[in-house]
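Numbering (our numbering), first residue to last: 159 to 345. Only one structure is covered here, and it is reproduced in the block below.
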């Protein structure tokens, strides 16, 4: 479960996802720490676990069954939204990634779009464009209803002012052709 959270994760988040007390969790983490797989940083509410090496985290992540990993991503997304709202508001891309990995594409698109907008206001155009791309991918996984097509056009129009300053004219034109096709399909 911890590997789904990433290479570094807070005790509070892992406890919320696993529905365990921090004390029980500390006991559960003794063996991986003794084996040198995890280290801790901080104390109290700021305590974090860190996989000692990214490859250890990757092996732990990939050793989970797909259905188990899907469910765990969903639980992480729910915990972020329900118990860590301030973090979720500041990092919508993290919520979006977990929703995407959980197969909750409709919800994920909203958070990818929000992250794209947030990065755009910070002038982080590459990150913004990547988030909008992920929003489009999520929408492409949904049934092509009029609402989904409308949202696709909205995402592309929001991404347009990001792609132009990046000088990515080909990508911009491709996106606009997708928007035009969606608009024609809506008409």
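Think of the CB as a built atom: it goes at the ideal place given N, C-alpha and C, for glycine as much as any other residue.
From residue i to residue j, what does the alpha carbon distance come to, in whole angstroms?
i, j, result
"residue 324", "residue 285", "11 Å"
"residue 262", "residue 248", "20 Å"
"residue 169", "residue 240", "16 Å"
"residue 235", "residue 342", "35 Å"
"residue 178", "residue 200", "20 Å"
"residue 297", "residue 192", "44 Å"
"residue 270", "residue 295", "10 Å"
"residue 202", "residue 181", "11 Å"
"residue 322", "residue 210", "41 Å"
"residue 232", "residue 242", "14 Å"
"residue 289", "residue 186", "36 Å"
"residue 166", "residue 214", "12 Å"
"residue 190", "residue 217", "14 Å"
"residue 314", "residue 184", "46 Å"
"residue 205", "residue 174", "14 Å"
"residue 260", "residue 327", "33 Å"
"residue 176", "residue 159", "8 Å"
"residue 197", "residue 163", "15 Å"
"residue 226", "residue 219", "10 Å"
"residue 171", "residue 268", "22 Å"
"residue 254", "residue 344", "27 Å"
"residue 340", "residue 318", "16 Å"
"residue 238", "residue 256", "10 Å"
Around the C-beta of residue i, are 16 or more other C-beta atoms found within 10 angstroms, so that it is buried, or is it exposed?
i, result
"residue 301", "exposed"
"residue 194", "exposed"
"residue 143", "Nothing can be reported for residue 143: it is not among the residues displayed for the chain, which extend from 159 to 345."
"residue 281", "exposed"
"residue 299", "exposed"
"residue 244", "exposed"
May I ask you to report which of helix, strand or coil DSSP gives residue i?
i, result
"residue 301", "coil"
"residue 262", "coil"
"residue 269", "helix"
"residue 223", "coil"
"residue 166", "strand"
"residue 183", "helix"
"residue 239", "helix"
"residue 196", "strand"
"residue 206", "strand"
"residue 141", "The chain is shown from 159 up to 345; residue 141 falls before or after that span and cannot be answered."
"residue 292", "helix"
"residue 351", "Because residue 351 is not part of the residues shown, which for the chain are 159 to 345, the question remains open."
message: Any contact between the segment 270-287 and the segment 249-256? By contact I mean 3 or more CB pairs, one from each, below 8 Å.
response: yes
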